[in-house]
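**Student:**
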Amino acid sequence: MSKKPEVTFKYIFTYDYNPVYVNGAHGGISPRGDLVVNFYLERPPLPNEVTHELTPSGTIGAETSVEPEDFAQSLVRFVPTGVVLNYHTARELHHWLGEKVRELDALEQHKAALRAAAQQPGDEDVQH
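To get our numbering, take the position in the sequence shown, counting from 1, and add 217.
1. So the candidates are Pro248, Arg260, Ile246; which of them puts its Cα closest to the Cα of Asn240?
2. Mind checking Phe295: buried by the 16 CB within 10 Å criterion, or exposed?
3. Compute the Euclidean distance between the alpha carbons of Leu302 and Gly250, then round it to the nearest angstrom.
4. Label Phe256 either buried or exposed according to how many other C-beta atoms from any shown protein chain fall within 10 Å of its C-beta, with 16 as the threshold for buried.
5. Quick one: what does DSSP say Leu252 is sitting in, helix, strand or coil?
6. Which of the three DSSP states, helix, strand or coil, is assigned to Glu316?
Dropping the structure here:
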């Protein structure tokens with residue numbers, strides 16, 4: 218019996234490989250027909266500067282000002298990385314992501330079923 222041809226891929230990571238959490242993406246199609254995807258983490262901003270009053274006892278008191286002034290009305294989209302994909306790679310990634318989302322769907326359904334079962338009264342709770 219002959220063995221089917223195989224290929225083994227070895228993964229090489231750069232010294233600064235660092236996975237990051239993202240919760241959104243922005244991008245589009247470049248003039249050359251590539252898909253440009255910039256990943257971001259959307260979060261409340263950190264102030265550049267905060268000023269507090271000092272109490273008579275020398276401790277930090279109430280906040281008196283924040284820089285920038287529109288701080289409370291702002292959100293930040295921090296963009297740690299992006300990718301550029303050609304058409305064929307974008308299609309392959311789309312397929313791969315679809316498979317992984319289906320796996321996540323199954324996992325979420327399983328977790329929901331376990332939660333529902335845990336909320337049901339068991340036989341020990343039934344009085345005869």
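Yeah, the Cβ is synthetic: ideal placement off N, Cα and C, and Gly gets one too.
**Tutor:** Quick look at the numbers:
1. What you label residue 240 is simply residue 23 of the sequence shown in a count that begins at 1. Nearest of Pro248, Arg260, Ile246 to Asn240, Cα basis: Arg260.
2. Counting from 1 along the sequence shown, the entry for residue 295 is found at position 78. Phe295 should be labelled exposed.
3. Counted from its first residue, the sequence shown places residue 302 at position 85. Counted from its first residue, the sequence shown places residue 250 at position 33. The alpha-carbon atoms of Leu302 and Gly250 are separated by roughly 9 Å.
4. Counting from 1 along the sequence shown, the entry for residue 256 is found at position 39. Flag for Phe256 reads buried.
5. Taking the sequence shown and counting its residues from 1, the one referred to as residue 252 is at position 35. If DSSP states are grouped into helix, strand and coil, Leu252 belongs with the strands.
6. Counting from one through the sequence shown, the residue named residue 316 turns up at place 99. Correct three-state label for Glu316: helix.
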